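J.: Structure in structure tokens, see below.
Residue numbers (this note's numbering): 25 to 180.
The following block contains the structure:
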């Protein structure tokens, strides 16, 4: 069973306006339902901020998920390239509990390493499949990720 917990906000939120704009850009450009910034710490992924319908995926700000139960773990370990056009047909994601529970149809995510060595994941999810998701979209997400890292660094 995937363990979700609400975590008290221990750190100041990164520059909210810039982060929201970057997440909204990614979500709208890729026609996804939600974009979020997750921080990887102590074997968990914690949702720091989001744009879009996070609630329909169970990803409220502060939600903490065991990293081993996430798509992001597969990306970080190199088993997924980061673009999953149809999560129900991708063997690595189809069997994850979170795919069915959150009704994930498609995923795209890229790792972001901050200068202070913190590890983040910039991700977008949709309830429907997105057959066209691919390498060009990953390049776009990496570009958006640079803006996200800059906002995180400014907040310090």
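Glycine included, every Cβ here is placed at the ideal spot set by N, Cα and C.
These figures come from a predicted structure and were not determined experimentally.
Quick one: grab the DSSP three-state call for residue 44.
T.: Three-state result, residue 44: helix.
J.: Taking only runs of the beta strand (DSSP E) that begin and end inside the segment 76-142, which ones reach a length of at least 3 residues, in chain order?
T.: Runs found: 87-90 and 130-137.
J.: Do the CB positions of residue 91 and residue 67 come within less than 7 Å of each other?
T.: A contact, by the Cβ cut-off of 7 Å.
J.: Please list, in chain order, all residues of the same chain as residue 127 whose beta carbon is under 7 Å from its beta carbon, the five residues on each side excluded.
T.: Excluding positions up to five away in sequence, the list reads 151.
J.: Can you tell which of 177, 171, 164 and 104 has the C-alpha that lies nearest to the C-alpha of residue 140?
T.: With distances taken between Cα atoms, residue 140 lies closest to 177.
J.: Can you list, in chain order, the residues of its chain with a C-beta nearer than 8 Å to that of residue 56? Leave out the 5 residues immediately preceding and following it.
T.: So the qualifying residues of the chain are 50, 76, 130, 132, 148, 149, 150 and 154.
J.: Assess, as a yes-or-no matter, whether the segment 160-176 is touched by the segment 80-94 under the definition of 3 or more beta carbon pairs within less than 8 Å.
T.: Contact between the segment 80-94 and the segment 160-176 is absent, because fewer than three Cβ pairs lie under 8 Å.
J.: Indicate the three-state DSSP secondary structure (helix, strand or coil) for residue 154 in the structure shown.
T.: In this structure, residue 154 counts as coil in the three-state DSSP scheme.
J.: Nearest CA to the CA of residue 58: which residue from 175, 82 and 106?
T.: Out of 175, 82 and 106, 82 has the C-alpha closest to the C-alpha of residue 58.
J.: Can you tell me which residues form a DSSP beta bridge with residue 69?
T.: For residue 69, which the question treats as bridged, DSSP gives the partners 64 and 89.
J.: Please go through the same chain and pick out, in chain order, the residues whose beta-carbon is closer than 6 Å to the beta-carbon of residue 69, but skip the five residues on each side of it.
T.: Excluding residues within five positions, the ones whose Cβ falls inside 6 Å are 62, 89, 91, 94 and 96.
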